[in-house]
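First residue of the sequence shown? That's -3 in our numbering, and the numbers climb one at a time after it.
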Amino acid sequence: MSIDNDLELISSFEKEYCINVFAPLQVAFSHGKGVYLYGVDGKKYMDMIGGIAVNSLGHGNRALTKAISTQAKKLIHCCNYYLIPQRAELAYKLCSKTFADKCFFSNSGAEANEAAIKIARGYFYHKGIDKNEIITAKMSFHGRTLLTCCATGQEKFRRPFAPYCPGFSYAEFNNFEDLESLITDKTAAIMLELIQGESGVNPASLEYIKNVRKLCTDRGVLLIIDEVQTGIGRTGKLFCYENYGIKPDILTTAKGLGGGVPIGAMLCTDEVAKGFLPGDHGSTFGGNPLCCAAANAVLDEISNKFILDNVIEVSEALIAQLKNLKSKYSAITSVRGMGLLIGIDFSDNFTAVGLKQRFLSEGFLVSSIGEHTIRIAPPLIISKKEAMIFCNALEKILKSDKKTSGFKKAGQAIPVEINKKDNTAEAKEDTKNELNNDSNELEE
């Protein structure tokens, strides 16, 4: 039985048999190409959320799909009792491109963060030092496992799952004095996102991060940087910490690392790696040949300076145009972000959920965070032209607000350029815009 193209049946099965933790919108996709996804009904959508910052190379990237296909034909999985060439290669690449000396591979960002917390505590434990407390930031997000829920500085994520894991305290983000006041002789690590993605795309200030790095060094505290969302080229550097001129002791990454294949990584220095002895941690699937082969392909592609330069160039044009729209329309109250991770705040008469549905009806995929904020994190290969198409659609939505006085719920669609079928000349032309198409990045 195949239900691939039956939207009604897909929706029915989801409702009947899947635990509803995401409240999915009523759309299903058959395939993707570049920055576009195509619904089972043939409708074309510009993917401005990139699988929540996952599809770093877009959809159908030839190098990535070839790496996955080739490896799948050879060996998908073998256990971690043995040497794995693809894992060794990936660890070498990550360490050679970063501050790190050692890597541990997991299946997700939450698992990478679990490993970071465990190794920080293990580091002091194996030294015989009684330090096991972790300071994180209020409004942070570090995952949905029980431990990472407790590391997350938002009680709503852990409230239903008490009793909580002990050993965490929470400081005001970007408030160095508040963070410093929480340091005790039991503080093992400070764990921060450089951009708080899930609470509105809020970047840390340069001064704040530099002060935190110095504080950690002076007080013998480990600095954990969570780059699950900001890593792998998202901000125009391979990792966001490079923008701040500091080096963490521990770093976590996931999302864009596999380009759509589930993989996470925890990176650390040789000294911190002493926190894990054989048997202290592990993962059945972490670092398997298939996922590591995919991540190797992604890193090879992202290491192409053309892609990182594109992130910076498109980001500058996109943020500038969004700020221009803000100056024209009072409905936009704030635009912020770094690279291709951007948050747009709207006035109270717009809800983020309503806007997300409205964008969907126009042929665009965005993410709603909070009550009035839209997050965009498109594939890193998006072109300036495609970014401006998104801005034009946003402006048409804002113009319609003059007639409808905003929309608390999804309104009727206004035709925009993107809303076309797969078989149109426009659709075919748009798929040519993926970067490096002359060097076989596009799958034919």
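Heads up, the beta-carbon is just placed ideally off N, CA and C, and yes, glycines get one too. Keep in mind that this is a model prediction, so the values were computed, not measured.
| Asked | Found |
| --- | --- |
| For S201, the three-state DSSP class (helix, strand or coil) | coil |
| Range of the contiguous beta strand (DSSP E) that encloses Y166 | 164 to 167 |
| Contact belief for V197 with I(-1) at Cβ below 8 Å, rounded distance in angstroms | Their Cβ separation, rounded to whole angstroms, is 36 Å, which puts V197 and I(-1) out of contact at 8 Å. |
| Range of the contiguous alpha helix (DSSP H) that encloses D174 | 172 to 178 |
| First through last residue of the beta strand (DSSP E) which encompasses A261 | 260 to 264 |
| Beta-bridge pairing of R371 - partner residues as DSSP gives them | G339, S363 |
| Residue from N171, Y13, L263 with nearest C-alpha to Y88 | L263 |
| Per-residue DSSP class, three states only, for R155 | helix |
| Boundaries of the beta strand (DSSP E) in which K98 is found, first to last residue | 98 to 102 |
| Cβ separation of A116 and G271, assumed to be a contact under 8 Å, to the nearest whole Å | 7 Å |
| Cβ contact (3+ pairs, closer than 8 Å) linking the region 52 to 72 and the region 17 to 33 | yes |
| Short Cβ contact (8 Å threshold) for K319 with V331 | yes |
| Q225 (DSSP reduced to helix, strand or coil) | coil |
| Where Q192 sits in the DSSP three-state scheme | strand |
| Residues of its chain near T141, where Cβ-Cβ distance is below 7 Å and the 5 sequence neighbours each way are ignored | A106, E110 |
| CB of F360 within 8 Å of CB of A389, strictly | yes |
| Endpoints, the beta strand (DSSP E) within which I246 is located | 246 to 249 |
| Helix, strand or coil at H55 [DSSP, three-state] | strand |
| For S19, three-class secondary structure by DSSP | It should be noted that the sequence gives Ala, not Ser, for residue 19. Coil. |
| Residues near Q22 in its chain [Cβ-Cβ closer than 7 Å; skip 5 each side] | S7 |
| Among F25, A49, N1, the one whose alpha carbon lies nearest that of L253 | A49 |
| Of the residues D341, H138, L314, the one placed nearest L247, counting alpha carbons only | H138 |
| Nearest-angstrom Cα separation, counted from F9 out to I15 | 11 Å |
| Option nearest Q353 by Cα separation, candidates K206, N170, Y41 | Y41 |
| Residue nearest to S201 in terms of C-alpha spacing, selected from G241, N103, K324, M384 | G241 |
| Euclidean distance between Cα positions of T226 and Y237 | 9 Å |
| Whole-number beta carbon distance between L71 and D37, since they are thought to touch under 8 Å | Between L71 and D37 the Cβ distance is about 38 Å, and since that is not below 8 Å, they are no contact. |
| Range covered by the beta strand (DSSP E) that runs through R332 | 328 to 334 |
| Nonlocal neighbours in the same chain, by C-beta distance under 6 Å from N207, ignoring five residues either side | F172 |
| Selection from K395, S364, L175, S379 that minimises the alpha carbon distance to I45 | S364 |
| Opening and closing residue of the alpha helix (DSSP H) in which K322 lies | 301 to 324 |
| Burial state of D43 (16 or more Cβ within 10 Å) | buried |
| Straight-line gap, Y160 to C212 (C-alpha atoms, nearest Å) | 26 Å |
| Residues near G149 in its chain [Cβ-Cβ closer than 7 Å; skip 5 each side] | T132, A133, K134, M135, S136, Y166 |
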